[in-house]
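So for the sequence shown, the working numbering puts the first residue at 5; every next one is plus one.
Comments concern the structure below.
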Amino acid sequence: MTTDFIHPGFVLIIGALVLPFVMGPLRKPYLIIVPILAFACVLKMQHGTYGVVDFMNWQLTFGRVDALSQVFGYIMTLMCIIGSMYGLHVKDPKEHMAAWMYVGGSLGVIYCADYITLFIFWELMAFSSVFLVWFRKRKESLPTGFRYLMVHTAGGLILLAGFVLRYKATGALDFNLLDVDHPTLYTYLIMVGFILNAAVPPFHAWLPDAYGEATVSGAVFMCAFTTKTAVYALARGLAGLDILILLGVIMALYGVVYAVLENDARRLLAYHIISQVGYMVAGVGIGTQMAINGACAHAFAHILYKGLLFMGCGSVLYMTGKSKFSELGGLYKKMPWAFIFTLIG
C-alpha cells in the first residue's frame, strides 16, 4: 500500500481488533474517531490501483479506486460514522467490533479488483454481521442468525463455484465486467451469488427475518451494507445483463406489497429495502451510463434515508420495547427528535 492509499476497510478491521483494549472514558471518543479516520482515507484517495500483492500464481489487488468505488466508499464510511454515533449507548464492545468488521468487509469488496479478495471480504461480511442478530439475545435471535448464516454461506459457495468455473474457462480472476451479451454458466452462478445478497426473490426471506431481529444499532448497519454492496458488485461485474431488469421489477413490486401488509415497523422497512433495491437492480440490468448513475445515486440516498428510518424505529423499540404499529401511537410528544428525524427519512 502506498502513502496515497490507506485502505479504509483495514482501518475499521484493525480498529475493531484494538477496541477491547480501549476502556473507560476513552472508548466513546474512539468509537467516533476510527470511522472518521476511515472516511478521511476515502477523501484522500486518488484514482488508481494500489495494494497489489503477488500470491502464489495470482495477483491480488486490494485497492482499485475509481468513480464507481468512490461513490460507495464515501457513503458507506459516512454511514459507519453515523451508525457508530447512534450506537454509543451500547456497552458491549463485541457488538461494535462486529459492526466495524462488517463495514470493513463491505469496503474490502468495494475496493478490490480480483475475485479472491472479493470472496474473502464477502464472507467476512456474512460471518461478522450475523453477530448483530445474535447479540439481540432473544429466543428468536439464535435460529434467525443461523438461518441468515446458512443462506449467506450457501450464496458464498455458489459465488465461489462461479469464480472457479470462470478461472478454468478464461484463466482470469479480475473483477471486471463480464461478457453479458454471451452469458455462460459461470456468469449465472456469479449472478446468483450476488443477487442472494441483494435479496432478490425468492432469495429474500433472510432479510426481513434478520433485520427485524437484529439489535437496535445492528439493524442500522445491516440496512446499509449487505444489499448495497451487492448492488455495487452487480454494477461492476454484470451491468447490462438483461435478466436483472425483470428481477428488479419483481423486487420493486414484491417488496412494496409485503411492506404494506406488515405490522412490525422494522420488518416493514426491511421489505421496503427489497422494493427499493429492486429499482437499483433494474437500473444495473438496463446497463446504460444514465441507468448505472441512477442506480448508484439511489443507493447513495437510500443508505441515508433508510438509516434514518431504522434509527427512528430503533429509538422507539429501545424506549418502549415494542415495534408493532398496532401497539404504538402518540409518541411524537414524548420523542420529538425521533419523530423529526424519522419524518426527514
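Cβ coordinates follow ideal geometry from the N, Cα and C atoms, glycine included.
Continuous alpha helix (DSSP H) stretch holding Arg31: start and end: 31-48
Taking the continuous beta strand (DSSP E) assigned at Phe14, which residues delimit it? No beta strand (DSSP E) contains Phe14, which is instead part of the alpha helix (DSSP H) from 12-22.
What's the gap between the Cα of Gly197 and the Cα of Leu189? 12 Å
What's the call for Ser330, buried or exposed, on a 16-neighbour Cβ count within 10 Å? exposed
CB-CB under 6 Å to Gln74, same chain, minus the five flanking residues each way: which ones, in chain order? none
Beta-carbon gap between Val184 and Gly244 smaller than 8 Å: yes
Does the beta-carbon of Gln280, which I'm using as the reference point, lie nearer than 7 Å to any heavy atom of the ligand SAH? No copy of the ligand SAH appears in this structure; indeed no ligand is present at all.
Quick check: what's the CA-CA separation for Gly252 versus Arg31? 42 Å
In whole angstroms, give me the CA-to-CA distance for His306 and Lys328. 23 Å
Shortest alpha-carbon distance to Pro33 belongs to which of Gln50, His11, Gly91? Gly91
Run of the alpha helix (DSSP H) containing Arg170, from where it starts to where it stops: 145-174
Between which two residues does the beta strand (DSSP E) carrying Gly55 extend? 52-59
Going by DSSP in three states, Leu265 sits in which element: helix, strand or coil? helix
Within 10 Å of its beta-carbon, does Thr6 have 16 or more other beta-carbons around it, so buried, or fewer, so exposed? Confidence in Thr6 is poor, its pLDDT being 47 and thus under 50, which makes the residue's placement unreliable; the coordinate value appears in the next sentence. By the 10 Å Cβ count, Thr6 comes out exposed.
Please classify Asn61: is it buried, with 16 or more other beta-carbons within 10 angstroms of its beta-carbon, or exposed? exposed
When you compare each of Gly222, Thr53, Phe207, Ile254 to Met105 by their alpha carbons, which one comes out closest? Gly222
Expressed to the nearest angstrom, what Euclidean distance is found between the alpha-carbon atoms of Ala256 and Ala234? 16 Å
Residues that DSSP places opposite Leu64 in a beta bridge: Val57
Report yes if the C-beta distance between Leu136 and Met27 is below 8 Å; otherwise report no. no
DSSP state of Val288 mapped onto helix, strand, coil: helix
Contacts around Cys84, its chain only, beta-carbon distance under 6 Å, and the 5 residues preceding and following it disregarded: Pro39, Val107
Would you mind sorting Pro147 into buried or exposed? The rule is 16 or more other CB atoms within 10 Å of its CB. exposed
Going by C-alpha distance, which of Pro24, Gln50, Ile79 is nearest Asp96? Pro24
For Glu99, the first and last residue of its enclosing alpha helix (DSSP H): 97-115
Other residues of its chain near Ala165: CB distance less than 7 Å, five sequence neighbours each side excluded: Leu193
Under 8 Å by Cβ, that's how I've got Arg271 and Pro212 pegged, so tell me the actual separation to the nearest angstrom. 5 Å
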